[in-house]
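Visitor: Residue numbers (the numbering used here): 427 to 683.
Cβ atoms here follow ideal geometry from the backbone N, Cα and C, with glycine treated the same way.
What you are looking at is a predicted structure, and each value in this text was computed from that prediction instead of being measured.
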Amino acid sequence: MKLKRMLKLQIQFNGSGYFGWQIQKNEQKTIQQKVNEALYLIYKNQVKTQGSGRTDAGVHALNYYVVFEEPFPIRPLSNLVKAINTKLPTSIRALSCEVVESQFSPTAMAKSKEYRYFFSNLKIPSPFSEHLMSNISYSLDEKLMHEACALFVGRYDFLSFHCTGSDPKSTIREVFECEIFKEEMSMGGVIPEHYVIRITGNGFLKQMVRSIVGTIWAVGKKKVTLKEVREQLVNPTGKHIAPVAPAVGLVKFSVNY
Numbered sequence: 427m428k429l430k431r432m433l434k435l436q437i438q439f440n441g442s443g444y445f446g447w448q449i450q451k452n453e454q455k456t457i458q459q460k461v462n463e464a465l466y467l468i469y470k471n472q473v474k475t476q477g478s479g480r481t482d483a484g485v486h487a488l489n490y491y492v493v494f495e496e497p498f499p500i501r502p503l504s505n506l507v508k509a510i511n512t513k514l515p516t517s518i519r520a521l522s523c524e525v526v527e528s529q530f531s532p533t534a535m536a537k538s539k540e541y542r543y544f545f546s547n548l549k550i551p552s553p554f555s556e557h558l559m560s561n562i563s564y565s566l567d568e569k570l571m572h573e574a575c576a577l578f579v580g581r582y583d584f585l586s587f588h589c590t591g592s593d594p595k596s597t598i599r600e601v602f603e604c605e606i607f608k609e610e611m612s613m614g615g616v617i618p619e620h621y622v623i624r625i626t627g628n629g630f631l632k633q634m635v636r637s638i639v640g641t642i643w644a645v646g647k648k649k650v651t652l653k654e655v656r657e658q659l660v661n662p663t664g665k666h667i668a669p670v671a672p673a674v675g676l677v678k679f680s681v682n683y
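#1: Between the stretch 656–673 and the stretch 508–527, do three or more beta carbon pairs fall short of 8 Å?
#2: Where does leucine 465 land, buried or exposed, given buried means 16+ other C-beta within 10 angstroms?
#3: When we look at the beta-carbon of aspartate 593 and count the other beta-carbons within 10 Å, is it buried (16 or more) or exposed?
#4: Comparing alpha-carbon positions, which option in Met613, Tyr582, Pro618, Val645 lies nearest glycine 627?
#5: Can you check the stretch 540–613 for any alpha helix (DSSP H) of at least 4 residues that lies completely inside it and give the ranges in chain order?
#6: Alpha carbon to alpha carbon, how far is threonine 456 from isoleucine 562?
#7: Under the rule that 16 or more other beta-carbon atoms within 10 Å means buried, what is isoleucine 407, buried or exposed?
#8: Taking the alpha carbon of isoleucine 667 as the reference point, which residue from Cys589, Glu495, Asn682, Ala487 has its own alpha carbon closest?
#9: Does DSSP put arginine 501 in a helix, a strand or coil?
#10: Would you call threonine 516 buried or exposed, if buried means 16 or more other Cβ atoms sit within 10 Å of its Cβ?
#11: Does DSSP put arginine 431 in a helix, a strand or coil?
#12: Quick check: the stretch 540–550 against the stretch 562–573, are at least 3 beta-carbon pairs closer than 8 Å?
#13: Mapping DSSP to helix, strand and coil, what is tyrosine 466?
#14: Count the CB pairs spanning the stretch 465–481 and the stretch 431–447 that are closer than 8 Å, and state whether there are at least three.
#15: For histidine 714, which beta-bridge partners are listed by DSSP?
#16: Give the secondary structure of glycine 640 by DSSP, where H, G and I count as helix, E and B as strand, and everything else as coil.
#17: What are the residues that DSSP puts in a beta bridge with isoleucine 518?
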C-alpha cells in the first residue's frame, strides 16, 4: 500500500469580504472554507487542511501556504493547481503545488514571515484603493516614524503589542527588520502615492503587526514618544499605548522555509 503524499499548496488571496483564513464555528465565510470546498469538489472527499498562520478579517496574502494529504494522486501537480482554480472564487488563486515531508508544518517550520502594511496619507482618500490600503488624513512626521520602526527590531516581549484571545505560550518574538518607505503612484494615479511598513520576524502574535503599525502612526502624529515605545518593549505592562491599525492595508507578504 502506497503512502499518501503530503502536498504544500501556494495560494494568494484578496481578503476583502472574508473573515480571515480559519474556518469559523458560526459558518462565516473564510479562505479555508473556500479552499476546503474546492478540494472536496476535486477529490470527492473531505480534505483536512492546515494553513501557514491565521489572518484577521479583511487581511490579504500575496504568498500563503496550505498543507494537506492527498486522497489520491493527481499528476502532474500543475494539473491539480489548474483544477483548484476552476473551483475557487476569483478572489483566491492557487499558484503552485509541491510534495513535502509527511511531518511538514506550515507554521512551526517557518524560518521567517514578512508582512507589509500599505497606507496613504491624503486629505481625501482614493476611492480606488479603499480595500487595498488604509488612509491617514492627519500630518505625520516621517523622521519619527523611521526612528519608531528601528525600535521594534530585536528580541522582545511583545506583551503590549498584541491582542488577547489567542492564548500564546509565550509573547516573546524576534523582529528581524522593520522599516517604512514610500511608493509612488501607479496605474496613472488609480493607486495613489503611499507608505509601506515592512516587518519581518520569526513569528507574530495576534494583531501584533497592526498594533506596531498603530504605534508607529501615533509616534508620527506625536501622540506617543519614542521613549514610551522603548519602555513598553523593555518593561511591558500589557497596556496598549496606541490604537491598533485597521486590517485593511495589511498583506501577508511571504513565508520563508
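Guide: By the coordinates alone:
#1: Because the criterion of three Cβ pairs below 8 Å is not met, the stretch 656–673 and the stretch 508–527 do not touch.
#2: Leucine 465 comes out buried.
#3: Flag for aspartate 593 reads exposed.
#4: It is Tyr582 whose Cα lies nearest to the Cα of glycine 627.
#5: The qualifying runs are 568–577.
#6: Cα to Cα, the separation comes out at about 28 Å.
#7: Because residue 407 is not part of the residues shown, which for the chain are 427 to 683, the question remains open.
#8: The shortest Cα separation from isoleucine 667 among Cys589, Glu495, Asn682, Ala487 belongs to Cys589.
#9: If DSSP states are grouped into helix, strand and coil, arginine 501 belongs with coil.
#10: Threonine 516 is exposed by the Cβ-count criterion.
#11: Arginine 431 falls in the coil class under three-state DSSP.
#12: With a cut-off of 8 Å, the stretch 540–550 and the stretch 562–573 count as touching, because enough Cβ pairs lie within range.
#13: Of the three classes helix, strand and coil, the one that applies to tyrosine 466 here is helix, per DSSP.
#14: Judged by Cβ distances under 8 Å, the stretch 465–481 makes contact with the stretch 431–447, as three or more pairs qualify.
#15: No information on residue 714 is available, as it lies outside the stretch 427 to 683 that the chain covers here.
#16: When secondary structure is reduced to three states using DSSP, glycine 640 falls in the helix class.
#17: Note: isoleucine 518 sits in a beta bridge opposite Phe439.
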